[in-house]
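Residue numbers (my numbering): 7 to 78.
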């Protein structure tokens, strides 16, 4: 979840969007964006994908054996 939070926050800031701007553009509520950026563990995947679609991304299944954990 931490990678998702970091990705969303960084992309939003790079584009100069407020949380409200992101919510409006993605068609989700401000509360949802806040919860997403705070790392809430239970979020609706369809709404996460609405936000990610703004950045040309989406959630997809990944083989857990291929996940690389960096030391960042």
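Glycine included, C-beta positions come from ideal geometry on N, C-alpha and C.
Can you name, in chain order, every residue of its own chain whose Cβ lies under 7 Å from the Cβ of residue i, other than the five neighbours on each side?
{"i": "residue 65", "result": "51, 54, 55 and 58"}
Just how far apart, CA to CA, sit residue i and residue j?
{"i": "residue 36", "j": "residue 47", "result": "17 Å"}
{"i": "residue 29", "j": "residue 68", "result": "27 Å"}
{"i": "residue 18", "j": "residue 24", "result": "7 Å"}
I need the DSSP call for residue i, collapsed to helix, strand or coil.
{"i": "residue 27", "result": "helix"}
{"i": "residue 68", "result": "coil"}
{"i": "residue 44", "result": "coil"}
Excluding five sequence neighbours on each side, which residues of the same chain lie with their C-beta closer than 8 Å to the C-beta of residue i?
{"i": "residue 11", "result": "42, 43, 44 and 45"}
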